[in-house]
Amino acid sequence: MDLRTAIERASHIVIVGHYNPDGDAVGATMGMKYLLANMGKPADVMYPNAYARNLKWMDPEGTAIAYAEHPDKGAALIARADLIFCMDFQSIGRTDVIAPALTQSKAFKVLIDHHIGPARQEFDLCFTETGVSSTCEELYKTVEAELDTALIDRRVASCLYAGISTDTGSFSYACRHAGLFRIVAALIEKGADTVRIHRTIFDTFSESRMRLLGYCLHEKLVVMPAYGTAYLSLSLEEMERFHYRTGDLEGVVNYALGIEGISFAAFFTQRKNRIRVSLRSKGDVDVNVFARQHFEGGGHKNAAGGSSYDGLPETLARFECLVPEFYEKEIRPKRATKPKPLI
Ligand code: 5GP
Ligand code: MN
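If you want it as structure tokens, here you go:
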């Protein structure tokens, strides 16, 4: 069944984003909701847990459901759904508490994503490419190919722009292809206020988040120059000391990667039952494989994540042991090939 037919036939639509929904997940899910509304099709959006405050403007009425907080409501919506959109994750496992209900559901499932290694067998229809910047870009391309870009109004355009700008780090990575900028031009023509969206997402941190960032960089940054590697870590106690709130650590790992000569950066944050691992790299250095092999995770070549179920000191010690081998196998060879001059 094609996308248009699936939408036209559906009577109960649910749109799901991944755990710790970021700008791309919220942009793609809310963008999809508004797009479907423009087709006369209401839909419910849900995430495993809550999104950060700086993304709230995309959902001004607060209609999206954090499943962990309203499991009965979430389960009931999935149980009656006949069409489910899965946005910005490559396998149902990334939806945490929603995963069992999603796996059980007999609804027609559509994947729209851009992660490496989509679990195609879990979905009925897939729109997924790794060469795009974001799920929001993939959604735009899907609408162009399967539906009609006239369905993209100012609301949809603003959500899609939010996802593209966050997943490219404000157009600093995953944005080499000219097609992306043609899409951005179209989104601006449709009314996306790029400057205000940028300010709302990136310039609205709390004072305590800024002090937490300062603490991380001053006290917690470990640089391993011989291995082109730098990492940061935070314990629960440290996060509480700085009144941590969801979203406060977004982007912190990129500061470690911003150091000259560093090609591999990691950030370890202690959570209730595990250590969250965030990995970033420059150029051809592939952190997706590292995340899969050592931290039960995955993602993209230059941005991946995973988990460790050891304690924080043990996890950091294990990481330090893995770095020399990773340097020899992945970082050093990739650095040896001299890049073409910029001009
Ligand atoms: P972040 O470090 O921002 O949490 O995640 C970076 C990228 O890695 C994101 O694209 C995210 O989807 C992916 N990622 C993060 N954690 C996991 C994980 O546990 N499993 C998989 N497969 N991907 C992850
Ligand atoms: Mn994404």
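So the sequence shown is residues 19 to 361, counted in my numbering. C-beta: ideal position from N, C-alpha, C; glycine also.
Checking the DSSP bridge columns, you'll see Ala-248 partnered with Val-241 and Ala-283. In the three-state reduction of the DSSP assignment, Gln-311 falls in the helix class. For the pair Gly-323 and His-30, the Cα-to-Cα distance works out to about 33 Å.
Thr-355 sits in coil when the DSSP states are folded into three classes, being neither helix nor strand. Judged by DSSP in its simplified three-state form, Tyr-52 adopts helix. A direct Cα-to-Cα measurement between Glu-348 and Ala-283 gives close to 13 Å.
Taking 7 Å as the cut-off, the C-beta of Thr-153 counts as close to a heavy atom of the ligand MN. Distances from the CB of His-132 to the heavy atoms of the ligand MN include at least one below 7 Å.
If you check the C-beta of Ser-299 against the ligand 5GP, you find no heavy atom less than 7 Å away. The segment 243 to 258 makes contact with the segment 270 to 284; the number of CB pairs closer than 8 Å reaches 3 or more. It is roughly 20 Å from the alpha-carbon of Val-241 to the alpha-carbon of Glu-256. Counting only unbroken stretches of 3 or more residues, the beta strand (DSSP E) elements lying wholly within the segment 98 to 124 are 101 to 105, in sequence order.
In this structure, the alpha-carbon of Ala-70 lies about 19 Å from that of Arg-173.
For Thr-212, the uninterrupted alpha helix (DSSP H) run begins and ends at 212 to 220, by DSSP.
Under the DSSP assignment, Tyr-158 falls in the alpha helix (DSSP H) whose first and last residues are 153 to 164. For Asp-185, the uninterrupted alpha helix (DSSP H) segment begins and ends at 172 to 185. Judged by DSSP secondary structure, Arg-263 falls outside any alpha helix (DSSP H); it is assigned neither H nor E.
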